[in-house]
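Trainee:
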Amino acid sequence: TSSNLRVHFKNTRETAQAIKGMHIRKATKYLKDVTLQKQCVPFRRYNGGVGRCAQAKQWGWTQGRWPKKSAEFLLHMLKNAESNAELKGLDVDSLVIEHIQVNKAPKMRRRTYRAHGRINPYMSSPCHIEMILTEKEQIVPKPEEEVAQKKKISQKKLKKQKLMARE
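Laid out in structure tokens, this is it:
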């Protein structure tokens, strides 16, 4: 978890949703690509006025951006989580981002000066990020056994059989 990060909440939320469920190596590569504008982050919820880009088609979406600062913060968190896992003796190569959550932090205030001597707020929207990585078990193939498949019986026949068994 990281608290009160000075990075836009909306951008970070969209970036976090993009890496949710990814393998740690894939997520790291993806976030590096975002900073280099090789892959985009699809903006699904906070997408008012967000332009369209061809890279968003990989995600089955039309709108996307490259939130560099959000990607850098998440990369830093992934690196930290990886070293924590290593310290705990987990297999780093099988880590998967199981849970990632971005919450709004208290807004920070500044002021901007307007026409006719007025003053308006100039707020920033920081965020808290929470991330849980888990070791993904290797998929073990089921042993093939020669077992006869049970034939499906209709409800009507089942009731009839039960009635016959009772008599």
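Under UniProt numbering, the first residue of the sequence shown carries the number 1, and numbering increases by one thereafter.
We put the beta carbon where it would ideally sit given N, CA and C, even for glycine.
Every value quoted in this text rests on a predicted model; they were computed, and no experiment measured them.
Tell me, which residues are paired with Met22 by DSSP?
Mentor: On the sequence shown, residue 22 is found 22 positions in, with the first residue counted as 1. DSSP lists no partner for Met22.
Trainee: Please report the Cβ distance between Phe43 and Gly64, rounded to the nearest whole angstrom; I am assuming they are in contact, meaning their Cβ atoms lie under 8 Å.
Mentor: Here residue 43 refers to the residue found at position 43 of the sequence shown. Here residue 64 refers to the residue found at position 64 of the sequence shown. Correct: roughly 6 Å between the Cβ atoms.
Trainee: Decide if the segment 68–86 is in contact with the segment 2–17; the criterion is three or more beta carbon pairs, one per stretch, under 8 Å apart.
Mentor: With a cut-off of 8 Å, the segment 2–17 and the segment 68–86 count as touching, because enough Cβ pairs lie within range.
Trainee: I need the DSSP call for Asn80, collapsed to helix, strand or coil.
Mentor: By one-based count along the sequence shown, residue 80 stands at place 80. Reduced to three states, the DSSP call for Asn80 is helix.
Trainee: If we ignore side chains and look at the alpha-carbon of each, how far apart do Pro126 and Leu78 end up?
Mentor: Along the sequence shown, read from residue 1 onward, the residue named residue 126 stands at position 126. Along the sequence shown, read from residue 1 onward, the residue named residue 78 stands at position 78. Pro126 and Leu78: Cα-Cα distance of roughly 19 Å.
Trainee: Would you kindly check if the distance between the Cβ of Gln55 and the Cβ of Cys40 is under 8 Å?
Mentor: Your numbering for residue 40 matches position 40 in the sequence shown. Your numbering for residue 55 matches position 55 in the sequence shown. In this structure, Gln55 lies closer than 8 Å to Cys40 by Cβ.
Trainee: Who does Tyr113 pair with in a DSSP beta bridge?
Mentor: Position 113 of the sequence shown, counted from the first residue, corresponds to residue 113. BP columns for Tyr113 point to Ile119.
Trainee: From what residue to what residue does the beta strand (DSSP E) around Met131 run?
Mentor: The residue you call residue 131 lines up with position 131 of the sequence shown. Element bounds for Met131: Cys127 to Glu135.
Trainee: Kindly indicate the opening and closing residues of the alpha helix (DSSP H) around Gln161.
Mentor: Taking the sequence shown and counting its residues from 1, one reaches residue 161 at position 161. Element bounds for Gln161: Gln155 to Arg166.
Trainee: Helix, strand or coil, according to DSSP, for Val7 in the structure here?
Mentor: Walking along the sequence shown from the start, residue 7 turns up at place 7. Of the three classes helix, strand and coil, the one that applies to Val7 here is coil, per DSSP.
Trainee: Does the segment 117–137 come within contact of the segment 90–107, defined as at least 3 CB pairs closer than 8 Å?
Mentor: Yes, the segment 117–137 touches the segment 90–107.
Trainee: With DSSP as the reference, label Leu74 as helix, strand or coil.
Mentor: The count along the sequence shown starts at 1 and reaches residue 74 at position 74. Note: Leu74 maps to helix in three-state DSSP.
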